[in-house]
Amino acid sequence: MQYCRMGGVVVLGSINMDLAVHVSNLPRPGDTVLGDRLLTIHGGKGANQAIAAARLGASVKMIGRVGNDLFGAELIAGLKDDHVDISCVTVDPAQPSGAALIVVDKSGQNQITVAPGANSAVGDEEVRRLRDVLRSTDVVVLQLEIPMPAVLSAISAAHDAGARVILNAAPSAAMVGLPVPEVDLLIVNEGEAEELGRATLQRSVRALAVTLGAEGAILYENSRPTRIDPLRVDAVDSTAAGDAMVGAAAFSLARGSSIADAVRLGGAAGAAAVTKVGARPSLPWPDDLKRLFDIDLESTFSRAKA
């Protein structure tokens with residue numbers, strides 16, 4: 432459902448199959464623990480963020496790679512089912528589809544290990560496709576589960592087109608020691624902010640959102656902090672909270688919201704996501720935001736249009 436159609440969302444990023452198991456307590460190094468049944472769930476930060484934006488009403492294009500295997504076919508079908516444009520998704524003949532191994536404990540905290548597969552081959556071809564489809568009104572969404580040169584080239588392509596850029600610097604290790612890219616909104620969690628140097632990030636980007644889990648978020652615009660209050664929910668699985676937040680923020684920016692309002696909506700989407708199990712199933716719909724927090728997207732963006 433489209434509310435106030437303005438810009439679209441273009442996501443260049445990872446597409447993975449998540450292999451998830453629930454345990455009582457997360458294993459320590461050397462531990463073997465018994466878990467519940469194994470779940471196979473469509474994921475990848477890029478794909479999750481694309482679907483998070485699409486479910487809220489954005490027009491979304493996904494750019495990325497999958498393998499020529501069963502996982503790849505399922506992942507493309509899943510994106511299509513959620514009304515994401517998959518015309519720029521490449522089937523790689525040489526690499527397997529990416530996969531993520533996820534362990535979730537009884538409190539909803541998780542550990543994630545990613546085998547990138549075809550995501551590691553994302554590069555010049557995908558950036559060329561980005562340039563071909565990009566409009567100045569679009570919001571480009573990037574993460575760090577694809578090679579850093581592709582991320583930096585995509586940022587340059589977005590700047591050339593006059594489009595805005597959201598960078599979710601996760602996993603943050605890929606950016607350690609590198610200059611902070613010039614983006615409109617950088618989104619990190621608390622651990623990533625510390626690894627990359629929060630003070631440096633504040634000075635280097637126009638807007639920095641540091642997510643704090645159950646404690647909400649802090650938004651720095653021109654180094655001035657604004658507290659984004661948390662929305663209280665019963666958490667069962669935090670796997671996709673960050674992706675829901677990024678996708679919702681992109682949707683909101685594409686509809687003309689301020690960065691602060693976009694981050695607030697992102698916080699609500701992230702809170703809604705932790706109430707369900709699994710990355711893809713937990714990404715919220717407008718009805719979830721209405722039911723949990725009385726957020727009515729249709730009336731909000733109709734007023735913005737007026």
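Residue numbers for the sequence shown, in our numbering: 432 to 737. Ideal placement from N, C-alpha and C gives every residue a C-beta, glycine not left out. A quick note: this is a predicted structure, and the numbers were derived from the prediction, not measured.
Candidates PRO715, GLY701, PRO712 and GLY687: closest to THR731 by CA position: GLY687
Simplified DSSP assignment, three categories, for THR631: helix
Three-state class that DSSP yields for SER688 in the structure shown: coil
Between the CA atoms of ALA672 and ASN447 - distance to the nearest angstrom: 16 Å
Cβ-based neighbour list, GLY554, same chain, cut-off 6 Å, excluding 5 preceding and 5 following: So the list reads ALA581, once near-sequence residues are dropped.
Whole runs of the beta strand (DSSP E) within the segment 576-630, excluding any shorter than 3 residues: Complete beta strand (DSSP E) runs here, min 3: 595-599 and 616-620.
Close-in-space but distant-in-sequence residues of the same chain around SER584 (CB under 6 Å, 5 per side omitted): VAL558
Rounded distance between the beta-carbons of VAL664 and ASN599, thought under 8 Å: With a Cβ gap of about 22 Å, ASN599 and VAL664 do not count as contacting.
Proximity to VAL636 [Cα-Cα], best of ASN479, LEU643, ALA648 and VAL619: VAL619
DSSP-derived helix/strand/coil call for ILE446: coil
Candidates GLY495, GLU621 and ALA481: closest to GLY548 by CA position: GLY495
Cβ neighbours of ALA638 in the same chain (closer than 6 Å, five flanking residues each side left out): LEU616, GLU652 and ILE690
Backbone CA spacing between PRO715 and ARG629 [nearest angstrom]: 29 Å
GLY647 versus PRO524 - alpha carbon distance: About 42 Å.
Where the alpha helix (DSSP H) through LYS721 begins and ends: 717-724 is the span of the alpha helix (DSSP H), which, as asked, contains LYS721.
Segment contact flag, the segment 493-510 with the segment 528-537, C-beta cutoff 8 Å, min 3 pairs: Enough Cβ pairs lie closer than 8 Å, so yes.
Burial state of THR579, where buried means 16 or more other Cβ atoms lie within 10 Å: What sits at residue 579 in the sequence shown is Met, not Thr. Per the 10 Å Cβ criterion, exposed.
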